[in-house]
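Colleague: Counted the way our numbering counts, the sequence shown spans residues 1410 to 1873.
Heads up, the beta-carbon is just placed ideally off N, CA and C, and yes, glycines get one too.
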Amino acid sequence: MSSSRRWMALVVLLTGTLLPPLDFFIVNVALPAIRNDMHATPDVAQLVVSVYAAAYAVTLILGGRLGDLYGRKRAFMLGMLGFGMASALCGFAPSTNILVVGRLLQGVSAAVMAPQSLACIHALFPASEKNLALSLYGATFGIASVGGQLLGGVMVSTDAFGLGWRAIFLINLPVILCAMPAALALLRESRAERSERLDIPGAALLAGGLLMFIIPLIEGREHHWPWWCVALLALSVPLLVAFWHYENRLENAGRSPLVRPSLLLVPGLRRTMAATFFFYFLAPFFLTFAVYEQVGLGHGPLAASLAILPVGVGLLIGPLSSPYVARRLGSHAAGFGMGLEVCGLVLTAVLVNIGAPSWLPAPLLVIGVGQGIALPALVRLNVDKVDVRWAGLAAGLVSATLQVSAAVSVALVGGLFFAIAPDDRHPEAVRLAFAIAALAIAAALALAAVLCLRRRDHVVSLPS
């Protein structure tokens, strides 16, 4: 494939990168409007967010393997088609039950589509171009988190096209209608060299274990930790242990497991996967910042969406400067980016604590720049040591780790935040809670940076 065709294909692949996180964050902003229009109770409204996150997280590894086995172009296009149909179901949903089903299907379709982008980048681009391609990938992923909140605030506030909150789902349709023909024309098919059978029992064990782990973390605080949440958490441990032993047996027998345990037995890779987990503890920052803006400072939804823009600017600057940083710092680029994030978060906590919100754009910009530098560098640390034929598996592992981290961190940091500020009647408590949450996130990112900086290079050698 020529260089120009590769970059045109990248534009199409980045569409598949953009849509899943965009639809996660855009719904967060529109949730109050959905509740008011559909007269939804708080727990049902919470499902609109949580069912998407859970379905996305538990099927990402399966989605990556589907691309490896049956073709990444085919999986990408089928995932995008499914995402479009699920978006239409959400946009025209007559009830909250149908909306929740649509969100479930969106999450599953996104999990089939999203890993193919990273896997195709790994397979298509030579080493000389891969840094820039991964930097653009990181920029797209990061901007989606900020752009989703901003776009959601604008569309709901302006009642775009007279559709109200439904526009946030239906806007996906013209994007997908343009991207599908481009994907058909530009993407080259790639897959694992050997034809293998899909590990259905392993997929079921992993999905069950992760669902039992993630759903209580998402729903537990909302329902005051009932017995069934504790029971599900307890049951997730033996299921995940059974999954690991089953995958080991398959690999030792020379068969094709969903996840190859030998991949995770490399010390350097285990450390960077752990760093990936703690790296995405930034996820609850956006939620707590929105509450801080609206309750702690008394701003409206649109103003709160605009206030996060410095992070978005940083998420543009960071990935574009990432190739230069990578050339200068090599494998330490990820740790450097996380160090910037830690500085930005600590400064944010200090400014909030002393009551100087007008200075917040500066540390928010630093947070965005650090995130933009660290993400592509961290992705490359994980994926580059894996043979191209396992690119989908590695991409699915990275993406799944990020999503599980998001669910865990929202539960832990969000739980800390709302324990300090349990209602919206005390702005002072909200400001204190946000400052403490920022410091907790900074601690997790500092740990991730240490794990990256201590990493040793290893070459992953997998059984054929």
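Ordered along the chain, which non-local residues of its own chain (more than five positions away) have a Cβ less than 7 angstroms from that of F1578?
Modeller: Locating residue 1578 in the sequence shown gives position 169, counting from the first residue. Same-chain partners within the cutoff: S1496, C1499, G1500.
Colleague: Would you kindly work out how many angstroms separate the C-alpha atoms of Y1529 and R1483, rounded to a whole number?
Modeller: To locate residue 1529, count along the sequence shown from 1; it is residue 120. To locate residue 1483, count along the sequence shown from 1; it is residue 74. Note that residue 1529 corresponds to Cys in the displayed sequence, not to Tyr. Distance between the alpha carbons of C1529 and R1483 is about 12 angstroms.
Colleague: Alpha carbon to alpha carbon, how far is L1456 from I1717? Give it in angstroms, no decimals.
Modeller: Start at 1 with the first residue of the sequence shown, and residue 1717 comes out as number 308. Start at 1 with the first residue of the sequence shown, and residue 1456 comes out as number 47. Cα-Cα distance, rounded: 25 angstroms.
Colleague: On the DSSP letters alone, give me the boundaries of the alpha helix (DSSP H) that P1572 sits inside.
Modeller: Position 163 of the sequence shown, counted from the start, is the residue given in the question as residue 1572. Residue identity check: residue 1572 is Leu in the sequence provided, not Pro. Per DSSP, L1572 belongs to no alpha helix (DSSP H) and is neither H nor E.
Colleague: Within this structure, are the beta carbons of A1466 and Q1812 separated by less than 8 angstroms?
Modeller: On the sequence shown, position 57 is the one that residue 1466 refers to. On the sequence shown, position 403 is the one that residue 1812 refers to. Yes. Within cutoff.
Colleague: If the criterion is Cβ atoms closer than 8 angstroms, does the pair I1470 and A1684 meet it?
Modeller: Your numbering for residue 1470 matches position 61 in the sequence shown. Your numbering for residue 1684 matches position 275 in the sequence shown. No; because the gap between Cβ atoms is not below 8 angstroms, this pair is not in contact.
Colleague: Could you tell me the distance, in whole angstroms, from the CA atom of T1424 to the CA atom of F1485?
Modeller: Working through the sequence shown from its first residue, we reach residue 1424 at position 15. Working through the sequence shown from its first residue, we reach residue 1485 at position 76. Cα to Cα, T1424 sits roughly 11 angstroms from F1485.
Colleague: Please report the distance separating the alpha-carbon of R1481 from that of L1724.
Modeller: One-based indexing of the sequence shown puts residue 1481 at position 72. One-based indexing of the sequence shown puts residue 1724 at position 315. About 27 angstroms.
Colleague: Near V1817, what residues of its chain come up, given a Cβ to Cβ distance below 7 angstroms and the 5 sequence neighbours on each side ignored?
Modeller: In the sequence shown, counting from the first residue as 1, residue 1817 sits at position 408. Answer for V1817: L1626, listed in chain order.
Colleague: Measure the Cβ-Cβ separation of G1753 and V1775 and say whether it is below 8 angstroms.
Modeller: As a position in the sequence shown, residue 1753 is number 344, starting the count at 1. As a position in the sequence shown, residue 1775 is number 366, starting the count at 1. Cβ atoms of G1753 and V1775: closer than 8 angstroms.
Colleague: So, does the segment 1760-1771 touch the segment 1578-1590, judging by three or more C-beta pairs under 8 angstroms?
Modeller: No, the segment 1760-1771 is not in contact with the segment 1578-1590.
Colleague: List in chain order: all unbroken beta strand (DSSP E) runs of 3+ residues lying wholly within the segment 1422-1459.
Modeller: Complete beta strand (DSSP E) runs here, min 3: none at all.
Colleague: Considering only their Cβ atoms, is the gap separating A1542 from F1534 smaller than 8 angstroms?
Modeller: Numbered from 1 along the sequence shown, position 125 holds the residue referred to as residue 1534. Numbered from 1 along the sequence shown, position 133 holds the residue referred to as residue 1542. Yes, these two residues count as a Cβ contact at 8 angstroms.
Colleague: Excluding the 5 residues flanking P1719 on each side, which residues of the same chain have their C-beta closer than 6 angstroms to its C-beta?
Modeller: The count along the sequence shown starts at 1 and reaches residue 1719 at position 310. Taken in chain order, the residues that qualify are P1770, L1773, L1774.
Colleague: Specify whether the segment 1699-1710 and the segment 1853-1864 touch according to this definition: at least 3 beta carbon pairs, one from each stretch, less than 8 angstroms apart.
Modeller: Contact fails: fewer than three Cβ-Cβ distances are below 8 angstroms.
Colleague: Taking L1856 as the reference, which of R1736, F1690, I1782, V1819 has the closest Cα?
Modeller: Walking along the sequence shown from the start, residue 1856 turns up at place 447. For L1856, the nearest C-alpha among the options comes from F1690.
Colleague: Could you check whether L1659 and A1418 sit closer than 8 angstroms to each other, using their CB atoms as the reference points?
Modeller: Within the sequence shown, residue 1418 is the residue found at index 9, counting from 1. Within the sequence shown, residue 1659 is the residue found at index 250, counting from 1. Their beta carbons are not under 8 angstroms apart, which means A1418 does not touch L1659 by this criterion.
Colleague: By how many angstroms is the C-alpha of P1693 removed from the C-alpha of A1735?
Modeller: The residue given as residue 1735 occupies position 326 in the sequence shown. The residue given as residue 1693 occupies position 284 in the sequence shown. If you take the alpha carbons of A1735 and P1693, they lie about 27 angstroms apart.
Colleague: Alpha carbons only, please: which of P1441, D1568, R1414, R1575 is nearest the one belonging to A1592?
Modeller: What you label residue 1592 is simply residue 183 of the sequence shown in a count that begins at 1. When only C-alpha atoms are compared, the closest one is R1414.
Colleague: Please classify W1636 as buried or exposed, where buried requires at least 16 other C-beta atoms within 10 Å of its C-beta.
Modeller: Counting from 1 along the sequence shown, the entry for residue 1636 is found at position 227. When all chains shown are included, W1636 counts as exposed.
Colleague: Indicate whether A1519 and G1511 have their beta-carbon atoms separated by less than 8 angstroms.
Modeller: Position 110 of the sequence shown, counted from the first residue, corresponds to residue 1519. Position 102 of the sequence shown, counted from the first residue, corresponds to residue 1511. Against a cut-off of 8 angstroms, the Cβ pair of G1511 and A1519 comes out as no contact.
Colleague: Distance check for A1851 and H1448, CA to CA, integer angstroms please.
Modeller: Your numbering for residue 1448 matches position 39 in the sequence shown. Your numbering for residue 1851 matches position 442 in the sequence shown. Near 38 angstroms, if we compare the C-alpha coordinates of A1851 and H1448.
Colleague: Excluding the 5 residues flanking S1731 on each side, which residues of the same chain have their C-beta closer than 6 angstroms to its C-beta?
Modeller: Counting from 1 along the sequence shown, the entry for residue 1731 is found at position 322. Excluding residues within five positions, the ones whose Cβ falls inside 6 angstroms are S1544, I1782, P1785.
Colleague: Excluding the 5 residues preceding and the 5 following E1750 in the sequence, name in chain order all residues of the same chain whose CB lies nearer than 8 angstroms to its CB.
Modeller: Residue 1750 sits at position 341 when you count from the first residue of the sequence shown. Correct list, in chain order: L1691, V1775, I1776, G1779, Q1780, A1783, A1851, L1854.
Colleague: Give me, in chain order, the residues of the same chain whose beta-carbon lies closer than 6 angstroms to that of C1638; leave out the 5 immediate sequence neighbours on both sides.
Modeller: Stepping through the sequence shown from its first residue, residue 1638 is reached at position 229. For C1638, where only same-chain residues beyond five positions count, the Cβ hits under 6 angstroms are P1625, G1629.
Colleague: Excluding the 5 residues preceding and the 5 following L1572 in the sequence, name in chain order all residues of the same chain whose CB lies nearer than 8 angstroms to its CB.
Modeller: Start at 1 with the first residue of the sequence shown, and residue 1572 comes out as number 163. Same-chain partners within the cutoff: G1500, L1579.
Colleague: What is the rounded straight-line gap between the Cα of R1664 and the Cα of A1613?
Modeller: As a working mapping, residue 1664 is identified with position 255 in the sequence shown. As a working mapping, residue 1613 is identified with position 204 in the sequence shown. Those two C-alpha atoms are separated by around 17 angstroms.
Colleague: I'd like the span of the alpha helix (DSSP H) that includes Q1525, first residue to last.
Modeller: Mapped onto the sequence shown, residue 1525 falls at position 116. Unbroken alpha helix (DSSP H) run through Q1525: 1505-1533.
Colleague: Have a look at L1841 and V1761 and give me their C-alpha separation to the nearest angstrom.
Modeller: The count along the sequence shown starts at 1 and reaches residue 1841 at position 432. The count along the sequence shown starts at 1 and reaches residue 1761 at position 352. Their backbone Cα atoms lie some 8 angstroms apart in a straight line.
Colleague: Rounded to whole angstroms, what's the CA-CA distance from P1429 to G1516? Just pull it up for me.
Modeller: Start at 1 with the first residue of the sequence shown, and residue 1429 comes out as number 20. Start at 1 with the first residue of the sequence shown, and residue 1516 comes out as number 107. Cα to Cα, the separation comes out at about 8 angstroms.
Colleague: At which residues does the alpha helix (DSSP H) containing A1662 begin and terminate?
Modeller: Looking up residue 1662 in the sequence shown gives position 253. Unbroken run through A1662: none, as it is neither H nor E.
Colleague: Measure the Cβ-Cβ separation of L1711 and G1562 and say whether it is below 8 angstroms.
Modeller: Along the sequence shown, read from residue 1 onward, the residue named residue 1711 stands at position 302. Along the sequence shown, read from residue 1 onward, the residue named residue 1562 stands at position 153. Cβ distance < 8 angstroms, so L1711 and G1562 count as in contact.
Colleague: When you compare the CB positions of Y1461 and F1433, do they come within less than 8 angstroms of one another, or not?
Modeller: Translated into positions along the sequence shown, residue 1461 becomes position 52. Translated into positions along the sequence shown, residue 1433 becomes position 24. Going by C-beta atoms, Y1461 is nearer than 8 angstroms to F1433.
Colleague: So, with DSSP's three-state summary, where would you put A1830?
Modeller: Here the question's residue 1830 lines up with position 421 in the sequence shown. Of the three classes helix, strand and coil, the one that applies to A1830 here is coil, per DSSP.
Colleague: Tell me where the alpha helix (DSSP H) around G1618 begins and ends.
Modeller: Mapped onto the sequence shown, residue 1618 falls at position 209. Start and end: 1609-1628.
Colleague: From G1491 to L1527, what does the alpha carbon distance come to, in whole angstroms?
Modeller: One-based indexing of the sequence shown puts residue 1491 at position 82. One-based indexing of the sequence shown puts residue 1527 at position 118. Approximately 19 angstroms, taken between the alpha carbons.
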